[in-house]
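Just add 261 to the spot in the sequence shown (first one is 1) and you have our numbering.
Even for Gly, the Cβ is constructed at its ideal location relative to N, Cα and C.
Given the structure is predicted, the values throughout are model-derived calculations rather than measurements.
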Amino acid sequence: YLDMPYMRAYEVASFYTMYNLAPVGRFHVQVCGTTPCMLRGSDDVMAACKNKGLNKGKTTPDGLFTLTEVECMGNCSNAPMVQINDDNYEDLDFDIMTGILEDLAADKKIKVGSQIGRQTSEPVGPSTSLDEMVNANHDYRKEW
Ligand code: FES
């Protein structure tokens, strides 16, 4: 159809994870496993998926979930994260991910984004950058 060797199309389709080479389940669970997410607990997120019967690269027998491990999806500051269909779920751990999978299976509505109440990618906890300067009410311009 594209008038090119099969391999040329296949190598592109198999490189980018947004191309599915086979039908996926109702919920396509894409777990980011790149370094920032890995350092913040993506192994626990993957373990929660496995504990619920999801296997990497496979669709569950009921057709509900397909599990894929993907590379960075640009949400590193809210790591670890997953994308499920068109939505991102962030600041995950084993228990939170377990709850998300249970809620999806039960057809419950799930809050997207940070699961620990962060607004977008604001810091966890109070601000720490430039606090000393702001709190001291010091006029640094006089020093220059
Ligand atoms: S490393 Fe996971 S979103 Fe960037």
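Starting from the C-beta of residue i, find all residues in its chain whose C-beta is less than 8 Å away, skip the five residues before and the five after it, and write them out in chain order.
i: Met-334; result: Gln-291, Cys-293, Met-342, Gln-344, Asn-349
i: Ala-270; result: Leu-263
From this set, the options, which residue's C-alpha is nearest residue i's C-alpha?
i: Asn-339; options: Thr-329, Glu-330, Asp-352, Asp-347; result: Asp-352
i: Thr-278; options: Arg-287, Ser-303, Asn-346, Val-306; result: Asn-346
i: Phe-288; options: Asp-264, Ile-371, Gly-378; result: Ile-371
i: Asp-356; options: Val-285, Ser-390, Val-331, Cys-310; result: Cys-310
Just to confirm the assignment, what range does the beta strand (DSSP E) spanning residue i have?
i: Ile-345; result: 343-345
i: Glu-254; result: Residue 254 cannot be examined here, being either before or after the span of the chain that is shown, 262 to 405.
Got a sec, what are the start and stop residues for the alpha helix (DSSP H) residue i sits in?
i: Cys-298; result: 296-300
i: Thr-329; result: Taken as a continuous stretch (DSSP letters only), Thr-329 belongs to no alpha helix (DSSP H), being part of the beta strand (DSSP E) at 326-331.
i: Asn-312; result: 303-312
i: Val-273; result: 267-276
Measuring from the CB of residue i, is there a heavy atom of the ligand FES at a distance below 7 Å?
i: Gly-302; result: no
i: Thr-296; result: yes
i: Cys-337; result: yes
Leaving out five residues on either side along the sequence, give the residues of the same chain with a beta carbon under 7 Å from the beta carbon of residue i.
i: Ser-382; result: Ser-338, Asn-339
i: Leu-315; result: Val-290, Thr-321, Phe-326, Leu-328
Do you know how far the Cα of residue j is from the Cα of residue i?
i: Thr-320; j: Ala-367; result: 17 Å
Keeping to the same chain, check which residues put their C-beta closer than 6 Å to that of residue i; ignore five residues upstream and five downstream.
i: Val-306; result: Val-292, Pro-341, Leu-353, Met-358
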